Amino acid sequence: MLSKAQIESASDVAAQSLFDAIVDGRIPPGSPLRLKELAEQLGMSMMPVREAIRRLAALDLVEIEPRKGARVRELTLEDLQDTYFSRFHLESIAVWEAAQSFTEADSERAGAALEERAAAQARGDRVGERDAHERFHFALYEASHRTWIVRSILPAWRNSERYRVEALRRHELQGERDLEHAQILDALRRGDGSDAVRWLVAHLGSSVRLSAQSLTGSAASAIGDSMPQADDIVRRLATEETIVR
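Taking my numbering, the leading residue of the sequence shown gets 835, the next gets one more, and so forth.
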């Protein structure tokens, strides 16, 4: 007989703690991840820490080299571009599909996450803010009922969080980000997949430009221009839907 699943195992705690430290920059890119040292800091044995590192490696946040150990992956402009290219396409499909079956329950769940994000931001809780932000977006994506699309989004999402550290400190842009979130949600409530995709693409475009700027120290507008365009995505999705039907 199977035992009851643990809600939060030691490896869950270790994985979340390491992820938060990597995303916040407390463990910088390129840093080695030494099992004994991390286990002592977390107050646990090395086994769950080893499992946590494997999980982060599966998300491509960490690289493990034989006989050399593990280290946090470096940040590069090429990786940023590749990560967001995937996000543009996958997340656009998700909101397009979600618009066709978005329910009141989906709306309430997403709205509650936005409220929690605002509350966390007001009290200066960056981890809580990031967690609520992720729950908001995935409430939208999960409304698509496309399980494998949602699963495919997660690794790229988690990797992109590493690039957003500096961008998140730009509080003067918060109003713009809040508007983008509200407009995506409003479009889904209206069942308007095209509008939802357009606002999502604008939202991701802002993120990738800010992340590129923080990485290179320049405007780096070219990377934003190289991303998929909203009209092209909408046109393709509408065409594919027509063919399927």
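Even glycine gets a Cβ: it sits at the ideal position worked out from N, Cα and C.
Here the structure is a predicted model, which means the values were calculated and not measured.
DSSP state of residue i mapped onto helix, strand, coil
i: LEU859; result: According to the sequence provided, residue 859 is Gly. The question's Leu does not apply to it. It is coil, neither helix nor strand.
i: PHE853; result: helix
i: HIS967; result: helix
i: LEU893; result: coil
i: ALA977; result: coil
i: GLY1051; result: coil
i: ALA939; result: helix
i: ALA933; result: coil
i: ARG957; result: coil
i: SER879; result: coil
i: SER1040; result: helix
Rounded C-alpha distance that separates residue i from residue j
i: ARG957; j: ASP965; result: 14 Å
i: ARG984; j: ASP913; result: With the sequence shown as reference, residue 984 is identified as Val, and Arg is not the correct amino acid for it. Cα-Cα distance, rounded: 21 Å.
i: ARG1011; j: ARG901; result: 44 Å
i: VAL883; j: LEU1071; result: 42 Å
i: PRO1062; j: LEU852; result: 32 Å
i: THR1050; j: SER1060; result: 16 Å
i: SER1040; j: GLN1008; result: 11 Å
i: ASP846; j: MET881; result: 12 Å
i: TRP982; j: ALA954; result: 30 Å
i: ILE898; j: ASP1020; result: 43 Å
i: ASP858; j: VAL961; result: 9 Å
i: ALA932; j: LEU1022; result: 7 Å
i: LEU924; j: LEU1044; result: 21 Å
i: ALA947; j: ARG969; result: 6 Å
i: PHE922; j: ALA848; result: 30 Å
According to DSSP, residues forming a beta bridge with residue i
i: ALA904; result: LEU867, ILE898
Contained alpha helix (DSSP H) runs [length at least 4] in the region 993-1036, N- to C-terminal order: Correct list: 999-1002, 1008-1023.
Three or more C-beta pairs below 8 Å linking the region 972-982 and the region 901-912: By the C-beta criterion, the region 972-982 is judged not to be in contact with the region 901-912, since fewer than 3 inter-stretch pairs fall below 8 Å.
The region 987-1000 in contact with the region 940-955 per 3-pair CB rule at 8 Å: Touching, no.
Cβ contact (3+ pairs, closer than 8 Å) linking the region 878-896 and the region 1010-1028: Under the Cβ criterion (8 Å, minimum of three pairs), the region 878-896 does not count as touching the region 1010-1028.
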